[in-house]
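Single-structure report; data block below.
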Amino acid sequence: MIKFFKKNPYLLMAYVALISISIGIGFSNGVLDGLIFFGITGIVSAWLLVMSFLV
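Under full-length UniProt numbering, the first residue of the sequence shown carries the number 1, and numbering increases by one thereafter.
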């Protein structure tokens, strides 16, 4: 996993940006909206993790 991010630092930056954006939206819009958005982000990031292992 760490080797993958060393080869693809842009994906790591995008991954961190997604999480930080979702947390920021969560705090600004209220807990429920934040949890929904964080769930979507979690699914996307999990999919990215799976794809990184397959590739």
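We treat Cβ as the ideally placed atom computed from N, Cα and C, and that holds for glycine.
Source: prediction; values computed, not measured.
- Nearest C-alpha to residue 46 among 10, 15, 36, 20: 15.
- Contact between residue 12 and residue 44 is absent: CB atoms are separated by about 14 Å, not below the 8 Å threshold.
- Relative to residue 39, the option among 21, 9, 3, 10 whose CA is nearest is 21.
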